[in-house]
Each structure stands twice: as structure tokens, then as C-alpha cells.
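K.L.:
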Ligand code: LMR
């Protein structure tokens, strides 16, 4: 038997738990005040139009829907971005953000050969290690999280990145770092981008939570700084699972940036052979939903508004979590208000996480990562009382 997955395996345990009061703070899924995964109104409108049209379901091209890829590029780099005008970006629709990571990893491994190395933040999303190790990469760590301040170890990060061999691939979380919720600010990103350029490192950005911190444009700061930096090549994997609440539709994209239009064409040809050898071509439905929203000015505005409402609810839950724990006399959790996105590294120990599950049916990752987007006014009192109890 292979061991269960630390995140999705936990959901299996949660689903099998008969206790009615159970709460899943494990997996990164946003739920609304009613505890449901929302169907966004912008998405629903496109879906209803698709149902009316009832179009045939032929195969998509290997690299997916052209409209989806165009809209993805605009969302990543901004309307009229010079990098897009220059034709430097090759984008393909993928099976979720994970599919983008794996296709990107496989392609880079083909190019880099036996010397393929990837530097990952410590800590990072557990599946980053699995995907890149399985693709044949040697994995290295760079410092990122500072336990004492529950914040960023920026000096450690710069020192470790500065020691990497040129050509090393550096995995970066664009925003809403998973699992810590600790991000770089724009000035820090500018410093990191300069260092990456200086050292000849190859940035690979994972952007799974665009719009969950500030807004879609501001959360793409790292990607846009890279685009303007003159770095000759970098990669972006992005996901619409969270931002469109389309988890099971598996909607993501892979973008490889090259030096010019010719190189982008060659990169796209390699992306396509890599996808064809893996899952052949992506799925139609989710791609059409995302493209349909992003292509319509009206629906796009509605989506940004709905995304903002999800973001605001998460911010409100962070604040309520901190305030309620303070009122219960628990140790200070104020740092949770400074973290961004769906997750927080709560500082809870494995033993405390075990107690939350065993005594209270509250599921969190053994690292102490909690999904604050799963809190709502219906469960927050129960959760904070349980957290206070295990902190005693
Ligand atoms: C998470 O970190 O919980 C999400 O990205 C879902 C997953 O696939 O692990």
C-alpha cells in the first residue's frame, strides 16, 4: 500500500468521519457562509448559455482553447503587456495547475537533462516535491518561513537563492503562499527578481490563488516584474480552481516565456508534444467556462466582484479567528491577520492537530496549516473554542 496523500487523503478521512460537528480545515477549498463550495454567478451565466447551445464535444487542440489561452495571458501579464506584444509567451490550457506543473517539469527535465535541479521554498505545498521529484529533478530547499515571527525569512531566502548554481529552476509562489500564507511585498519581489536575473536562475512561478490577496492584477506582481525584467526565460503555472471556484473542472494553464516569437513557437511545439504524451489534450467544459467569463467585459467585472467577495469573507474570518481566540485567553494569533490567501501556518503542533481531529472532529494538516477559507460564522465559535482548548 502506498501512503495516503497528506492533503487529499485527509479529506477521505474527514468524509468518513460520522461526527456531525466535523470541520475540514485541511484541503484548500473556499466555502461560503453556508459551508458550500460556491458556483459563481458569472460562471453560471456562461454555463447556462453553453447548455442552451448544446454544442458537440469534439477534442480540443492539444494546447487547449485558443480563447482560454489568450485570456490567460492577459490575466497573467496585463492587457497590452510588451511581453505579449512581442509574442514571447507560449501558453497551453492544462488539467489544473497541477497538470501545468507536471507538463512544465517534464519539459524542463527534457531540456536540462541529468543536471535538472529545482529549489523550493521551505516549506512548500507538499505536491511540489512529489511532482518535480517524479519528473526526475534533484530538489533543493531555500529558506522562507521564520517560525519565531510567523513571517518571512527574507534575508535567509536571498542568501540561499544567491548560492544556487546558474540554471537551477527556482519555484516561487506568486501570492498567498501555500502552506504559510506569508508573501513577499512588491519591493521584496523586485529584489528577488534582480537576484534571479543576476545569478542566471530559471524562475518557475506557481500562481494558484490569483485574486485571493489583493486583486487579480496586484496578485500578479511577481509575474509582471519578471516580464519586465529582461530575464530571457521563465515559466508560469496558473490555476482557476480557486479563483473561479471550479476545482473539479481542472482548469489551469502553463506559460513558457522565451526570448522572442521564434523561441516561443518552439516552446509551444515542445509543450504540445509533452501534453500529447501525457493526457493528449485538455477538457472542454471548464475551459469554456473560464474563457466565456474572461472574454466578456460584463462577466469579467462580475467575476472580479465575486472574487472580491470571497477575499473579503476570508479577511473577515481571519480577523474573527484572531479576536475570538484572544477573547478566550488563548496565546496571541495576531499574525494570522498579516498572512494572505486561503492558508495560515497556525503554529499548532502535530500533537495539537491530532487532538483537534480526535477530540473535536476538526481536520488540519499535521504541519499546522489550516484553511481559513473553510471558516464561517456557523463553525468559527466551535473551531476557536477547540483551538483554545488544545492550546491550554
Ligand atoms: C491544497 O493545498 O489544499 C490544494 O492546493 C489542494 C491540493 O490539491 O492539495
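Numbering (this note's numbering), first residue to last: 1 to 392. Built from N, CA and C at the ideal position, the CB exists for glycine as well. Since the model is a prediction, treat every value here as computed from it, not as a measurement.
With which residues is residue 371 paired in a DSSP beta bridge?
P.N.:
Translated into positions along the chain shown, residue 371 becomes position 371. Beta-bridge pairing links residue 371 to 343.
K.L.:
Evaluate residue 408 with the Cβ neighbour count: other Cβ atoms within 10 Å of its Cβ, from every protein chain shown; 16 or more gives buried, anything less gives exposed.
P.N.:
Nothing in the structure corresponds to residue 408, since the chain is present only between 1 and 392.
K.L.:
Please name the residue, chosen from 59, 109, 75 and 184, that lies closest to residue 121 on a Cα-to-Cα basis.
P.N.:
In the chain shown, residue 121 corresponds to position 121, counting from 1. Of 59, 109, 75 and 184, the residue nearest in Cα terms is 184.
K.L.:
What whole-angstrom Cβ distance do residue 46 and residue 293 have, given they're in contact under 8 Å?
P.N.:
Counting from one through the chain shown, the residue named residue 46 turns up at place 46. Counting from one through the chain shown, the residue named residue 293 turns up at place 293. That belief holds up - the Cβ atoms of residue 46 and residue 293 are roughly 6 Å apart, short of 8 Å.
K.L.:
Check for me: the alpha helix (DSSP H) holding residue 293 runs from which residue to which?
P.N.:
The count along the chain shown starts at 1 and reaches residue 293 at position 293. Run containing residue 293: 284-295, per the alpha helix (DSSP H) assignment.
K.L.:
Quick one: complete beta strand (DSSP E) runs, 3+ long, within the stretch 215-300?
P.N.:
Here the runs fully enclosed are 234-239 and 251-257.
K.L.:
Count the other CB atoms, across all protein chains shown, that sit within 10 Å of the CB of residue 107; report buried if there are 16 or more and exposed otherwise.
P.N.:
Locating residue 107 in the chain shown gives position 107, counting from the first residue. Under this definition residue 107 is a buried residue.
K.L.:
Once you ignore the five residues that flank residue 131 on each side, which residues in its own chain have a CB closer than 8 Å to its CB?
P.N.:
Walking along the chain shown from the start, residue 131 turns up at place 131. Closer than 8 Å at Cβ, skipping near neighbours: 98, 101, 102 and 105.
K.L.:
Which one or two residues does DSSP pair with residue 169 in a beta bridge?
P.N.:
As a working note, residue 169 is residue 169 in the chain shown. Paired residues: 118 and 202.
K.L.:
With respect to 7 Å, is the separation between the Cβ of residue 27 and the closest non-hydrogen atom of the ligand LMR below this value?
P.N.:
Walking along the chain shown from the start, residue 27 turns up at place 27. Correct: residue 27 has its Cβ closer than 7 Å to the ligand LMR.
K.L.:
Which word fits residue 1, buried or exposed, when buried means at least 16 other C-beta atoms lie within 10 angstroms of its C-beta?
P.N.:
What you label residue 1 is simply residue 1 of the chain shown in a count that begins at 1. With fewer than 16 other Cβ atoms within 10 Å, it is exposed.
K.L.:
Would residue 192 pass as a contact of residue 235 if the rule is Cβ separation under 8 Å?
P.N.:
Mapped onto the chain shown, residue 192 falls at position 192. Mapped onto the chain shown, residue 235 falls at position 235. Not closer than 8 Å, so no.
K.L.:
Please list, in chain order, all residues of the same chain as residue 60 whose beta carbon is under 8 Å from its beta carbon, the five residues on each side excluded.
P.N.:
Taking the first residue of the chain shown as 1, we reach residue 60 at position 60. Excluding residues within five positions, the ones whose Cβ falls inside 8 Å are 93, 281, 282, 283, 284 and 287.
K.L.:
Taking the straight line between their C-alpha atoms, what separation do you get for residue 350 and residue 10?
P.N.:
Numbered from 1 along the chain shown, position 350 holds the residue referred to as residue 350. Numbered from 1 along the chain shown, position 10 holds the residue referred to as residue 10. Computed Cα separation, rounded: 14 Å.
K.L.:
I'd like the list of long-range same chain contacts for residue 408, defined as Cβ closer than 6 Å, with 5 residues on each side in sequence excluded.
P.N.:
Residue 408 lies beyond the range of the chain shown here (1 to 392); nothing can be said about it.
K.L.:
Give a single yes or no on whether residue 404 has its beta carbon closer than 7 Å to a heavy atom of the ligand LMR.
P.N.:
Examination of residue 404 is not possible in this model, given that the chain is present from 1 through 392 alone.
K.L.:
Residue range of the alpha helix (DSSP H) that residue 68 falls in?
P.N.:
For the purposes of this step, residue 68 is taken as the residue at position 68 of the chain shown. 66-77 is the extent of the alpha helix (DSSP H) around residue 68.
K.L.:
Does the separation of the CB atoms of residue 242 and residue 30 fall below 8 Å?
P.N.:
By 1-based counting over the chain shown, the position of residue 242 is 242. By 1-based counting over the chain shown, the position of residue 30 is 30. Yes, the pair counts as a contact, with Cβ atoms nearer than the cut-off.
K.L.:
For residue 374, count neighbouring Cβ atoms within 10 angstroms of its own Cβ and tell me buried if that reaches 16, exposed if not.
P.N.:
Numbered from its first residue, the chain shown carries residue 374 at position 374. Result: buried.
K.L.:
Just to confirm, are residue 179 and residue 345 a CB contact at a threshold of 8 Å?
P.N.:
By one-based count along the chain shown, residue 179 stands at place 179. By one-based count along the chain shown, residue 345 stands at place 345. Cβ distance < 8 Å, so residue 179 and residue 345 count as in contact.
K.L.:
State the start and end residues of the unbroken beta strand (DSSP E) segment that holds residue 37.
P.N.:
Here residue 37 refers to the residue found at position 37 when the chain shown is read from its first residue. Neither: residue 37 is in no beta strand (DSSP E) and is coded neither H nor E.
K.L.:
Classify residue 250: buried if its beta carbon has 16 or more other beta carbons within 10 angstroms, exposed otherwise.
P.N.:
Here residue 250 is taken as the residue at index 250 of the chain shown, counted from 1. Residue 250 comes out buried.
K.L.:
By Cβ distance, which residues of its chain are closer than 6 Å to residue 173, with the 5 residues on each side in sequence left out?
P.N.:
Residue numbering aside, residue 173 sits at position 173 when the chain shown is read from its first letter. If we look at residue 173 and ignore the five residues flanking it on each side, its Cβ neighbours are 206.
K.L.:
Please state whether the Cβ-Cβ distance between residue 86 and residue 332 is less than 8 Å.
P.N.:
Taking the chain shown and counting its residues from 1, one reaches residue 86 at position 86. Taking the chain shown and counting its residues from 1, one reaches residue 332 at position 332. No, the Cβ-Cβ distance between residue 86 and residue 332 is not below 8 Å.
K.L.:
Rounding to the nearest angstrom, what Cα-Cα distance links residue 405 and residue 15 in this structure?
P.N.:
Any answer about residue 405 is impossible in this case: the structure gives the chain only from 1 up to 392.
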